[in-house]
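Asks: For reference, the structure I am asking about is given below.
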Amino acid sequence: MWDYTDKVRDHFFNPHNVGEIEDADGVGEVGSLACGDALKLTFKLDKNGRIADARFKTFGCASAIASSSVLTDLIRGKTLEEALKVTNKDIAEELGGLPEQKMHCSVMGREALEAAIENYRSGGTRKHELEGHVVCTCFGVTDKEIERVVEENDLTTVEEVTNYCKAGGGCGGCHGEIERIIQRVQGARMARPHGAPAKRPAKLTNIQKIRLVEQTIDEQVRPALRAHGGNIELVDVIGDKVIVAFRGMCAQCRLTEFTMKDVVEAKLREFVSEELYVEEDADSAGEPHAHRE
Amino acid sequence: MKTIYLDNNATTQVADEVFEVMKPFLCELYGNPSSMHTFGGQVAHSIRTAREQVASLLGCDPSEIVFTSCGTESDNAAIKGALAAVPHKRKVITSRVEHPAVLSVCRDLEHHGYLVLEIGVDKDGRLHMDELRREADDNTALITIMYANNETGVVFPVEEIADLAAERDIVFHTDAVQAVGKIPLNLARTRIDMLSLSGHKLHAPKGVGAMFVRKGTRVSPFMLGGHQEGGRRAGTENVAGIVAIGKACELAATNIADENERVRRLRDRLEDAILATCPDCRVNGDRVNRLPNTTNISFEYIEGEAILLMLDRYGICASSGSACTSGSLEPSHVLRAMGVPFTAAHGSIRFSLSRYNTQDEMDFVAEKLPPVIHHLRELSPFVTK
């Protein structure tokens, strides 16, 4: 059971400002059913440009509902400039803290607020759009969002990033990229954590190369295939040719060609050697592919 | 506030009868069953009785029962032990909906050169048997597939799988932690090679489990040390726990037919009431081949943890397959394998009953739940009037 503060429980059981303002000045919608939480924030300004009313509707767990509730409390009476200064930390602090794994709920609150203000400033035309390129495809999180939570909350590990914005919480295929973002933002004071895949070495013996290919497939490729019910087997390495076989769902997938080129080869080139190329094992490729709905 | 405990697939109340028989072994009867003196020896006798009680519920020989510390240990010992005995075969087949006690072990095997295949399920949680038939080949060392699913209660055709494995000379292990005590088993009539069970799922305390190993099945011991359990599981016996699981199995054997009929009626009463009063909900899993005590219901547009916390205020205990309750970010791997849409998976609630539940409790839950669902839907941005 989660260790929620009394404040979280109170805002969950008796949420403030539930609902939707019909003729709202700004509307912000973030999250989705697939992601497991979503928030729709609406606000109305008074004649002095202060937030007179703010209401929310939230799909999600207790901490998501509580975060939305305190967010509406926090921004009422503020100008938009003042409201924009509200950070996810403010939301979490107002709740007396959130469990680490639930910090993304406070981030969702801040995102909805920004989306609503952006919507107002564009005269109601603009909806919230993703900025930057998507790093975590499982939860649709972009590099810009990851950079921001790392910066604002001084995050140093992939696990923390996952707690704060969900990125990396699905198949795990983007962990390498998240790590590079952390390093970029945090700069030199970030040492490379243990267990992370080694940087591409300059020169490899055959044995080193095969081991590194294996390690890369284990860490970088298999988890992503796993998430979709598939698997991969390393059959052989001959010179720069890496022979693999796809199993399970992957073997039947019409996207096999795409999976190979895009994921396996790219990862092997990134982590092992620029020269490598991938081929599917002739025997297993010829096997009849079972189909499922 | 009275507790209404509907989370019996997580753990169960220790039966009074079970507690009574185990108590002396925590107090005056503290002897070591391996000792040569009468004081210890009498304890060994009680372990023998417990072994017979477990065997009698399962329909096997007492010599085929090995006591362990829990269901997870049984699963680990069975899978690793069976593989160690056939080192030339390198393939393991399991399902996508196994409990982590099996799934994590199998996935770890991949790091040790095994090829692991996870058989999928259809939208009602039924195993793709044709896929299993196709994949079970000469290189397959082990098939490990659960008897009944902990989240949905769906029961797999394990006898058919056992036949299929036996014909191909593959060892078959089944994690029967959820099935034992809930549905009748007769191992003498099947070709199952190994089976795991857990004490605390059938009204014995936590900390004791057992493993069935059919005579003639080669298993390399997982825990090494003394000669306990015929050399198949070293370590001084958890005597009180073993006596308890024995008694619990005896109680289950005596009561299984009528109690489960009664539990099934209570479960159906609750399920029917919920389906009738809450719009936009669905039962997850095959309702025909299902444990009599389990129902898994999805409530669209709302999230499971929020439902559980609201129910908790009434003393109602249940569980959810939502992402938030697990601490991970994705909903239950079982519901995802079934292709349950995300909209429904996040809002799934499992009620699992036991013989200690009453009709009044079902009616209480059926009364308290609909307003909770309604309230949370009023908060949800996905519900439009």
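So the sequences go chain by chain: L and H.
For the first sequence, this note's numbering assigns the number 269 to the initial residue and increments by one for each residue that follows.
For the second sequence, this note's numbering assigns the number 27 to the initial residue and increments by one for each residue that follows.
Beta carbons are placed, not taken as given, at the ideal position from N, Cα and C, and that holds for glycine.
1. With a threshold of 8 Å between beta-carbons, can C329 of chain L be considered close to chain H, or not?
2. I'd like to know whether the C-beta of I375 of chain H is nearer than 8 Å to at least one C-beta of chain L.
3. Would you report the Cα separation of T320 of chain H and Y545 of chain L, rounded to the nearest angstrom?
4. Starting from F238 of chain H, trace the beta strand (DSSP E) in both directions and tell me its first and last residue.
5. Please classify F65 of chain H: does DSSP put it in a helix, a strand, or coil?
6. Name, please, each residue of chain H whose Cβ falls closer than 7 Å to the Cβ of K325 of chain L.
7. Leaving out the 5 sequence neighbours to the left and right, which residues in its chain are closer than 6 Å to A459 of chain L when beta-carbon positions are compared?
8. When Cβ atoms are compared, which residues of the segment 316-327 of chain H fall closer than 8 Å to chain L?
9. Hey, is P126 of chain H's beta-carbon within less than 8 Å of any beta-carbon in chain L?
10. Roughly how many whole angstroms lie between the Cα atoms of H462 of chain L and C406 of chain L?
11. Note down the Cα distance separating K312 of chain L from G365 of chain H, rounded to an integer number of angstroms.
12. For the ligand SAM, I want to know if M371 of chain L counts as a neighbour, meaning its beta carbon is within less than 7 Å of at least one of the ligand's heavy atoms.
13. By the criterion of Cβ-Cβ separation under 7 Å, what are the contact partners of E501 of chain L in chain H?
14. Helix, strand or coil: how does DSSP classify C404 of chain L here?
15. Determine the burial state of K241 of chain H: buried for a count of at least 16 other Cβ atoms within 10 Å of its Cβ, exposed for fewer.
16. For G261 of chain H versus P231 of chain H, is the C-beta distance shorter than 8 Å?
17. Against chain H, does I333 of chain L count as a neighbour if the rule is that its beta carbon must be under 8 Å from one of theirs?
18. Quick test of your reading: N175 of chain H and V360 of chain H, contact by CB under 8 Å. State the CB separation rounded to the nearest angstrom.
19. Between A205 of chain H and V409 of chain H, what straight-line distance do the alpha-carbon atoms span, to the nearest angstrom?
20. Step through the CB atoms of chain L and report whether any lies within less than 8 Å of the CB of T243 of chain H.
21. So what's K275 of chain L in DSSP terms, helix, strand or just coil?
22. Checking 8 Å against the spacing of the C-beta atoms, do V147 of chain H and C132 of chain H come in under that value?
23. Going by beta carbon distance, what residues of the same chain come within less than 8 Å of R367 of chain L, once the five residues before and after it are set aside?
24. Cα separation between D278 of chain L and A334 of chain L?
25. Can you say whether D291 of chain L is buried or exposed, counting buried as having 16 or more other CB atoms within 10 angstroms of its CB?
26. List the residues of chain L whose Cβ lies closer than 8 Å to the Cβ of H137 of chain H, in chain order.
27. Counting only beta-carbon atoms, is P305 of chain H nearer than 8 Å to chain L?
28. Along the segment 362-373 of chain H, what residues have a CB closer than 8 Å to any CB found in chain L?
29. Starting from the beta carbon of T430 of chain L, find every residue of chain H whose beta carbon is closer than 9 Å, and list them in chain order.
30. Hey, does L480 of chain L have any beta-carbon neighbour from chain H nearer than 8 Å?
31. Flag L335 of chain H as yes if its beta-carbon sits less than 8 Å from any beta-carbon of chain L, otherwise no.
32. Under 8 Å between beta-carbons, which chain L residues line up against A36 of chain H? List them in chain order, please.
33. Counting along the chain, where does the beta strand (DSSP E) carrying D321 of chain L start and finish?
34. Against F407 of chain L, what residues of chain H qualify as contacts under a CB-to-CB distance less than 8 Å, listed in chain order?
35. Assign P283 of chain L to one of two classes, buried (16 or more other C-beta atoms within 10 Å of its C-beta) or exposed (fewer than that).
36. Determine, using beta carbons only, whether N387 of chain L and G299 of chain L come nearer to each other than 8 Å.
Replies: If we stick to the structure as given:
1. If you number the first sequence from 1, residue 329 of chain L lands on position 61. C329 of chain L belongs to the set of residues whose beta carbon lies under 8 Å from a beta carbon in chain H.
2. Against the second sequence, residue 375 of chain H aligns to sequence position 349. It does not: the Cβ of I375 of chain H has no partner Cβ on chain L nearer than 8 Å.
3. Counting from 1 along the second sequence, the entry for residue 320 of chain H is found at position 294. Counting from 1 along the first sequence, the entry for residue 545 of chain L is found at position 277. When rounded, the separation of the alpha-carbon atoms in T320 of chain H and Y545 of chain L is 50 Å.
4. Here residue 238 of chain H refers to the residue found at position 212 of the second sequence. Boundaries of the beta strand (DSSP E) around F238 of chain H: G235 to V239.
5. On the second sequence, residue 65 of chain H is found 39 positions in, with the first residue counted as 1. In the structure shown, F65 of chain H sits in a helix (DSSP, three-state: H, G or I).
6. In the first sequence, the residue the question calls residue 325 of chain L occupies position 57. Those within 7 Å of K325 of chain L in chain H are L405, S406 and P407.
7. Along the first sequence, one-based indexing puts residue 459 of chain L at 191. In this prediction, A459 of chain L has a pLDDT of 49, which is less than 50 and means its spatial position is unreliable; what the coordinates show is noted afterwards. Result list for A459 of chain L: empty, nothing under 6 Å.
8. Listed in sequence order: Y327.
9. Taking the second sequence and counting its residues from 1, one reaches residue 126 of chain H at position 100. No, because no Cβ of chain L sits closer than 8 Å to the Cβ of P126 of chain H.
10. Position 194 of the first sequence, counting from 1, holds the residue named residue 462 of chain L. Position 138 of the first sequence, counting from 1, holds the residue named residue 406 of chain L. At H462 of chain L, the pLDDT of 47 sits below 50, so the modelled position is not reliable and the matter cannot be decided from this model.
11. Within the first sequence, the letter at position 44 stands for residue 312 of chain L. Within the second sequence, the letter at position 339 stands for residue 365 of chain H. Distance between the alpha carbons of K312 of chain L and G365 of chain H: 41 Å.
12. With respect to small molecules bound, the structure shown includes none, and the ligand SAM cannot be examined in it.
13. Indexing the first sequence from 1 puts residue 501 of chain L at position 233. Near E501 of chain L (Cβ distances below 7 Å), the residues of chain H are L141.
14. Start at 1 with the first residue of the first sequence, and residue 404 of chain L comes out as number 136. C404 of chain L: strand per DSSP, three-state reduction.
15. Taking the second sequence and counting its residues from 1, the one referred to as residue 241 of chain H is at position 215. Looking at its Cβ environment, which holds fewer than 16 other Cβ atoms inside 10 Å, K241 of chain H is exposed.
16. The count along the second sequence starts at 1 and reaches residue 261 of chain H at position 235. The count along the second sequence starts at 1 and reaches residue 231 of chain H at position 205. Result no, Cβ atoms of G261 of chain H and P231 of chain H do not sit closer than 8 Å.
17. Counted from its first residue, the first sequence places residue 333 of chain L at position 65. Contact with chain H is found for I333 of chain L, since one of that chain's Cβ atoms lies less than 8 Å from the residue's Cβ.
18. If you number the second sequence from 1, residue 175 of chain H lands on position 149. If you number the second sequence from 1, residue 360 of chain H lands on position 334. The pair is a contact, with the Cβ atoms about 6 Å apart (cut-off 8 Å).
19. Position 179 of the second sequence holds residue 205 of chain H. Position 383 of the second sequence holds residue 409 of chain H. Approximately 38 Å between the Cα atoms of the pair.
20. Locating residue 243 of chain H in the second sequence gives position 217, counting from the first residue. Chain L contact via Cβ: absent.
21. Taking the first sequence and counting its residues from 1, the one referred to as residue 275 of chain L is at position 7. K275 of chain L: helix per DSSP, three-state reduction.
22. Taking the second sequence and counting its residues from 1, one reaches residue 147 of chain H at position 121. Taking the second sequence and counting its residues from 1, one reaches residue 132 of chain H at position 106. 8 Å or more divides the Cβ of V147 of chain H from the Cβ of C132 of chain H.
23. Within the first sequence, numbered from 1, the residue matching residue 367 of chain L stands at position 99. Looking at the sequence shown, residue 367 of chain L is not Arg but Pro. Taking P367 of chain L as the centre and dropping the five residues before and after it, the same chain places the C-beta of W270, D271, Y272 and S331 closer than 8 Å to its C-beta, in chain order.
24. As a first step, residue 278 of chain L must be located in the first sequence, where it is residue number 10. As a first step, residue 334 of chain L must be located in the first sequence, where it is residue number 66. A334 of chain L has its alpha-carbon roughly 8 Å from the corresponding atom of D278 of chain L.
25. To locate residue 291 of chain L, count along the first sequence from 1; it is residue 23. Exposed, by the Cβ-count rule.
26. Mapped onto the second sequence, residue 137 of chain H falls at position 111. Those are D486, listed as they occur along chain L.
27. For the purposes of this step, residue 305 of chain H is identified with residue 279 of the second sequence, where counting begins at 1. No - not a single Cβ of chain L is within 8 Å of the one on P305 of chain H.
28. Taking 8 Å as the Cβ-Cβ cut-off against chain L, the residues of the segment 362-373 of chain H that qualify are A363, F368, T369 and H372.
29. The residue labelled residue 430 of chain L in the question sits at position 162 within the first sequence. For T430 of chain L, the neighbours in chain H by C-beta distance under 9 Å run, in chain order, L355.
30. Here residue 480 of chain L refers to the residue found at position 212 when the first sequence is read from its first residue. It does not; no Cβ of chain H falls within 8 Å.
31. Sequence index remark: in the second sequence, residue 335 of chain H carries index 309 (1-based). Closer than 8 Å to some Cβ of chain L, the Cβ of L335 of chain H qualifies, so yes.
32. Position 10 of the second sequence, counted from the start, is the residue given in the question as residue 36 of chain H. Within 8 Å Cβ-Cβ: nothing; A36 of chain H doesn't reach chain L, min ~12 Å.
33. As a working mapping, residue 321 of chain L is identified with position 53 in the first sequence. D321 of chain L -> beta strand (DSSP E) spans I319 to F327.
34. Position 139 of the first sequence holds residue 407 of chain L. Under the 8 Å cutoff, chain H gives L355.
35. Position 15 of the first sequence, counting from 1, holds the residue named residue 283 of chain L. It counts as buried.
36. Position 119 of the first sequence holds residue 387 of chain L. Position 31 of the first sequence holds residue 299 of chain L. N387 of chain L is not a Cβ neighbour of G299 of chain L, given a cutoff of 8 Å.
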